[in-house]
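Q: Can you keep this structure in mind? I'll have questions shortly.
Residue numbers (this note's numbering): 3 to 117.
Written out as structure tokens, the structure reads:
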């Protein structure tokens with residue numbers, strides 16, 4: 003005869019009814035990753051072998067990893083103050099190049115080299 007483990011006689015409530023599970027889901031939807039991790043730790047104590055908990059923990063790890071990666075990428079971009087300045091510098095440089103080309107064409111046409 004197979005014996006039940008200790009505490010197995012009590013029926014465990016479904017994970018969906020656990021308030022900590024609802025809190026973890028809500029925190030993840032709002033992007034509050036630390037709160038979601040804390041709530042998920044509470045759920046994990048009550049429902050250790052639940053596939054829902056494992057899936058939620060993997061989703062949380064994915065979101066945290068993505069946010070850290072995006073935060074690092076954002077730091078490598080130009081600051082907002084320099085962006086308009088860079089555009090202006092490039093526009094002025096472009097204008098100078100076109101003016102030099104136009105002056106060269108005019109000088110060449112006046113000296114009879116083009117025609």
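In this text, a Cβ means the ideal position worked out from N, Cα and C, and glycines have one as well.
Can you list, in chain order, the residues of its chain with a C-beta nearer than 8 Å to that of residue 32? Leave out the 5 residues immediately preceding and following it.
A: In the chain shown, counting from the first residue as 1, residue 32 sits at position 30. Counting only Cβ-Cβ distances below 8 Å, and skipping sequence neighbours, we find nothing.
Q: Which complete alpha helix (DSSP H) runs does the segment 31 to 70 hold, if anything under 4 residues is left out?
A: Segments of the alpha helix (DSSP H) lying fully in the segment 31 to 70: 35 to 48.
Q: Look at the Cβ atom of residue 39, then the Cβ atom of residue 22, and state whether they are nearer than 8 Å.
A: Counted from its first residue, the chain shown places residue 39 at position 37. Counted from its first residue, the chain shown places residue 22 at position 20. In this structure, residue 22 does not lie closer than 8 Å to residue 39 by Cβ.
Q: When the Cα atoms are used, what is the spatial distance from residue 62 to residue 14?
A: Taking the chain shown and counting its residues from 1, the one referred to as residue 62 is at position 60. Taking the chain shown and counting its residues from 1, the one referred to as residue 14 is at position 12. So the two alpha carbons sit approximately 25 Å from each other.
Q: Straight-line CA distance for residue 53 to residue 17?
A: The sequence position of residue 53 within the chain shown is 51, counting from 1. The sequence position of residue 17 within the chain shown is 15, counting from 1. Between residue 53 and residue 17, the C-alpha separation is close to 10 Å.
Q: Please confirm whether any heavy atom of the ligand NAP lies closer than 7 Å to the CB of residue 86.
A: The ligand NAP is absent from the structure shown, which contains no ligand whatsoever.
Q: Just the Cα atoms here: how many angstroms apart are residue 7 and residue 71?
A: Translated into the one-based positions of the chain shown, residue 7 becomes position 5. Translated into the one-based positions of the chain shown, residue 71 becomes position 69. Per-residue confidence for residue 7 stands at a pLDDT of 48, beneath the threshold of 50, marking its modelled position as unreliable; the derived number appears in the next sentence. So the alpha carbons of these two residues sit roughly 44 Å apart.
Q: Quick one: what's got a C-beta closer than 6 Å to residue 25's C-beta in the same chain, skipping five residues either side?
A: Indexing the chain shown from 1 puts residue 25 at position 23. For residue 25, where only same-chain residues beyond five positions count, the Cβ hits under 6 Å are 41.
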